[in-house]
Amino acid sequence: SQQGEEDPQALSIQEGENATMNCSYKTSINNLQWYRQNSGRGLVHLILIRSNEREKHSGRLRVTLDTSKKSSSLLITASRAADTASYFCAHTSGTYKYIFGTGTRLKVLA
Amino acid sequence: DAGVIQSPRHEVTEMGQEVTLRCKPISGHDYLFWYRQTMMRGLELLIYFNNNVPIDDSGMPEDRFSAKMPNASFSTLKIQPSEPRDSAVYFCASNPEGMGEKLFFGSGTQLSVL
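Read top to bottom, the protein sequences are chains A and B.
Each position in the first sequence, counted from 1, maps to that position plus 45 in the numbering used here.
Residue 66 in the numbering used here sits at position 77 of the second sequence; the count goes up by one each step and never skips.
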């Protein structure tokens, strides 16, 4: 399977703390994206990092990409209860087939 | 724009019945994707279309599944006959032309086959 793997599978933190999620993949990639899914809802795009980039920021989000290790991480700083959701990485590699990771369930406790 | 619109939001049916899921992509988006999400298998790509033409249906689990896109603003995913193992959340997503650019997802259809 080309499916990406994410860890941890679940993460529980206190409001105000930082949350870090990791994603690994198996093939070369065009880019890597992170999505958020609130319970019972569709996925929402958060951030995209291209294969020639190493780090990208968007508000409280920071994404890193290490193509030599075929891995990426998503850092959410100063987490809020509203950040409680599942987070997925997704990548494409030369086609329009987006391969999604297994997801990290984040719970932020108020 | 209203985003990607899927209907119905919930579908409960009995084994053996035909199920039709519907999707309206965002206007101007040339690519449409159908995904299935389960706890066991995560998000699986079933099929995707470019300009209404099916490009890759290798993810369609078996002949009971079929998908069509008769025009740029409408797509259907049909299961006939349905089985309990088809129970899942089915998502439609679209994006404008551009490999690897972000996907816009609908809210999904929760399918339960009894």
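Beta carbons are placed, not taken as given, at the ideal position from N, Cα and C, and that holds for glycine.
Check your understanding: Which residues bound the beta strand (DSSP E) around ALA155 (chain A)?
Key -> Segment: none, ALA155 (chain A) is in no beta strand (DSSP E) and carries neither H nor E.
May I ask which residues mark the beginning and end of the beta strand (DSSP E) holding SER96 (chain B)? Taken as a continuous stretch (DSSP letters only), SER96 (chain B) belongs to no beta strand (DSSP E), as it is neither H nor E.
Confirm, please, whether the CB-CB distance from GLN54 (chain A) to THR140 (chain A) is below 8 Å. No, the pair does not count as a contact, with Cβ atoms beyond the cut-off.
- Report the three-state DSSP secondary structure of ASP75 (chain B) (helix, strand or coil). Looking at ASP75 (chain B) - three-state DSSP - the assignment turns out to be helix.
Beta-carbon separation (whole angstroms), LEU103 (chain B) vs VAL1 (chain B), contact threshold 8 Å: For LEU103 (chain B) against VAL1 (chain B), the beta-carbon gap comes to about 7 Å, under 8 Å, which counts as contact.
What does VAL13 (chain B) reach in chain A if we use C-beta pairs closer than 7 Å? The displayed chain sequence assigns Lys, not Val, to residue 13 (chain B). Correct list: empty, because the minimum Cβ distance to chain A is about 14 Å.
Checklist entry - With C-beta atoms as the reference, is SER96 (chain A) less than 8 Å away from ASN76 (chain A)? => result Yes, Cβ-Cβ distance for SER96 (chain A) and ASN76 (chain A) is below 8 Å.
Self-check item: Other residues of its chain near MET58 (chain B): CB distance less than 7 Å, five sequence neighbours each side excluded
Solution: Here MET58 (chain B) has LEU21, PHE38, ASN41 and SER64 as same chain residues with Cβ atoms under 7 Å from its own Cβ, once five neighbours each way along the sequence are excluded.
- Query: By the 10 Å Cβ neighbour count, where 16 or more other Cβ atoms means buried, how is SER84 (chain A) classified, buried or exposed?
  - Reply: With fewer than 16 other Cβ atoms within 10 Å, it is exposed.
Practice task
Whole angstroms is fine: what's the gap from ILE44 (chain B)'s alpha carbon to GLY61 (chain A)'s?
Solution key: Rounded to the nearest angstrom, the two C-alpha atoms are 45 Å apart.
Across the region 80 to 97 of chain B and the region 6 to 25 of chain B, are there enough close Cβ pairs to call them in contact, namely three or more that are closer than 8 Å? Contact between the region 80 to 97 of chain B and the region 6 to 25 of chain B is present, because at least three Cβ pairs lie under 8 Å.
Nonlocal neighbours in the same chain, by C-beta distance under 6 Å from HIS(-1) (chain B), ignoring five residues either side
GLN99, listed in sequence order.
For ASP52 (chain A), which residues in the same chain have their Cβ closer than 6 Å to its Cβ, ignoring the five residues on either side in sequence?
The beta carbon of ASP52 (chain A) sits closer than 6 Å to the beta carbons of ASN67 from its chain, once the five residues preceding and following it are set aside; these are given in chain order.
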